[in-house]
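Taken in order, these protein sequences are the chains called V and P.
For the first sequence, the positions run 0 to 153 when numbering that gives the first Met the number 0 is used.
For the second sequence, the positions run 0 to 153 when numbering that gives the first Met the number 0 is used.
Backbone N, C-alpha and C fix where the C-beta goes; we use that ideal spot for every residue, glycine too.
Number of protein chains: 2
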Amino acid sequence: MMNIEKKIDPKLNAEVRKIFTLYLEENKQRKTPERFSILEEIYNQIGHFDAEDLYLKMKRKSYNVSRATVYNTLELLVNSDLITKHQFGENHAQYEKAYGSRQHDHLICINCGKVIEFCEPRLQQIKESMSEIFDMEIKRHALTLYGTCKLGCK
Amino acid sequence: MMNIEKKIDPKLNAEVRKIFTLYLEENKQRKTPERFSILEEIYNQIGHFDAEDLYLKMKRKSYNVSRATVYNTLELLVNSDLITKHQFGENHAQYEKAYGSRQHDHLICINCGKVIEFCEPRLQQIKESMSEIFDMEIKRHALTLYGTCKLGCK
DNA sequence: CTCGGTGCAAAGCTTTTGCATCCGC
DNA sequence: GCGGATGCAAAAGCTTTGCACCGAG
Numbered sequence: 000m001m002n003i004e005k006k007i008d009p010k011l012n013a014e015v016r017k018i019f020t021l022y023l024e025e026n027k028q029r030k031t032p033e034r035f036s037i038l039e040e041i042y043n044q045i046g047h048f049d050a051e052d053l054y055l056k057m058k059r060k061s062y063n064v065s066r067a068t069v070y071n072t073l074e075l076l077v078n079s080d081l082i083t084k085h086q087f088g089e090n091h092a093q094y095e096k097a098y099g100s101r102q103h104d105h106l107i108c109i110n111c112g113k114v115i116e117f118c119e120p121r122l123q124q125i126k127e128s129m130s131e132i133f134d135m136e137i138k139r140h141a142l143t144l145y146g147t148c149k150l151g152c153k
Numbered sequence: 000m001m002n003i004e005k006k007i008d009p010k011l012n013a014e015v016r017k018i019f020t021l022y023l024e025e026n027k028q029r030k031t032p033e034r035f036s037i038l039e040e041i042y043n044q045i046g047h048f049d050a051e052d053l054y055l056k057m058k059r060k061s062y063n064v065s066r067a068t069v070y071n072t073l074e075l076l077v078n079s080d081l082i083t084k085h086q087f088g089e090n091h092a093q094y095e096k097a098y099g100s101r102q103h104d105h106l107i108c109i110n111c112g113k114v115i116e117f118c119e120p121r122l123q124q125i126k127e128s129m130s131e132i133f134d135m136e137i138k139r140h141a142l143t144l145y146g147t148c149k150l151g152c153k
């Protein structure tokens, strides 16, 4: 079985660590070791994950963090724009790294669950139009397309 | 307090009833009175709602349906394209009528929770591009913009 | 008459909370 | 040392399931 873990990238790790540190300081939050282990764990894996995935992975590596801390830290990371949170129509949230990857959206296969990421510059224009029409400042968006692989996908 | 219930529209009711009937027949499902009362209840109200809203509303009107039936019927209605299901970043699903309203997307205020609906023809082009690029048949999409009312909203 | 649908309550799952302890500042 | 953060387990909230009964076909 293929190893889907990315090699640890020390430069990226240092960068996100710095961003998180600044965020915590600006928001008068403590820089606990648990928070940084969670951040590191996230940035050394690829793809989407959920809170339970992450909790179990930390447990397996004997990090001894609790679910409460995982959820708390995920929220901090969302607020510091280091990860994004998705609700792809399931009852539980999925997350993914946000730093160092381009803004993108998702195309999901209804049959096999495959998630494809794509970039779509035209969305920017749509956001600008809506901002103007409704006099709102658009902070972010989520576009998900649902479809089926034409040649089957199982 | 303003009455937000729409007047019952017999023509619309008859149309959706017919669509649902056809769907049930095609899928060899029984045409139970509970399923039709739920459909009617949904089409005689406006705006977004969740399963619990609907369950309580039915109870209040002494329809004597169970949560299980509400959830079961909501799924059938989603599959028959009579309602759409949304996960606006919360942990519980919201639904809305789909028949007789134009395809639209949502703009949500992060502060006050206000939901604005908008139509955006340019999305169609995006869907066509992605369909071509990834060789997938796009069945549906969900676009949600998150922002803040520029003049405040409380 | 059959067997799928229903009501009810209990179970399941993700997420949140309460509380005693711990540790960053 | 103070007060926020943590771990643990219990609770909460939405949704699904098990089971006996009912009723659509």
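State the beta-bridge partners of residue i as determined by DSSP.
i                     : result
residue 114 (chain V) : V:107
residue 101 (chain P) : Partner(s): none; residue 101 (chain P) has no beta bridge.
residue 139 (chain P) : V:145
residue 93 (chain V)  : V:85
residue 48 (chain P)  : P:94
Tell me the rounded alpha-carbon separation between residue i and residue j.
i                     : j                     : result
residue 90 (chain P)  : residue 139 (chain P) : 21 Å
residue 46 (chain V)  : residue 54 (chain V)  : 16 Å
residue 116 (chain V) : residue 104 (chain V) : 6 Å
residue 28 (chain V)  : residue 87 (chain V)  : 30 Å
residue 130 (chain V) : residue 18 (chain P)  : 37 Å
residue 156 (chain P) : residue 65 (chain V)  : This structure gives no information on residue 156 (chain P), because the portion of chain P shown stretches from 0 to 153.
residue 151 (chain P) : residue 107 (chain P) : 13 Å
residue 145 (chain V) : residue 114 (chain V) : 10 Å
residue 33 (chain V)  : residue 44 (chain V)  : 17 Å
residue 26 (chain V)  : residue 92 (chain P)  : 32 Å
residue 11 (chain V)  : residue 99 (chain V)  : 8 Å
residue 62 (chain P)  : residue 57 (chain V)  : 49 Å
residue 42 (chain P)  : residue 136 (chain P) : 30 Å
residue 60 (chain V)  : residue 16 (chain V)  : 20 Å
residue 83 (chain V)  : residue 52 (chain V)  : 16 Å
residue 123 (chain V) : residue 20 (chain V)  : 30 Å
residue 79 (chain P)  : residue 24 (chain V)  : 51 Å
Is residue i helix, strand or coil by DSSP?
i                     : result
residue 3 (chain P)   : Interpretation of residue 3 (chain P) is limited by its pLDDT of 45, a score under 50 that renders its predicted location unreliable; the figure taken from the coordinates is listed afterwards. Residue state, collapsed to three classes: coil.
residue 54 (chain P)  : helix
residue 29 (chain P)  : coil
residue 151 (chain P) : coil
Among the options, which residue has its Cα nearest to the Cα of residue i?
i                     : options                   : result
residue 22 (chain P)  : P:116, P:42, P:77         : P:77
residue 35 (chain V)  : V:49, V:48, V:14          : V:14
residue 119 (chain P) : V:132, V:147, V:111, V:99 : V:132
residue 49 (chain P)  : P:63, P:69, P:102, P:24   : P:69
residue 8 (chain V)   : V:73, V:39, V:145         : V:39
residue 101 (chain P) : P:92, P:81, P:135, P:72   : P:81
residue 111 (chain V) : V:62, V:41, V:149         : V:149
residue 75 (chain V)  : V:94, V:61, V:62, V:58    : V:94
residue 85 (chain V)  : P:147, P:16, P:143        : P:143
residue 155 (chain V) : V:97, V:31, V:96          : Since the first residue shown for chain V is 0 and the last is 153, residue 155 (chain V) is missing from the structure and cannot be characterised.
Starting from residue i and walking both ways along the alpha helix (DSSP H), at which residues does that stretch end?
i                     : result
residue 34 (chain V)  : 32-42
residue 131 (chain P) : 121-133
residue 70 (chain V)  : 66-78
residue 22 (chain V)  : 9-25
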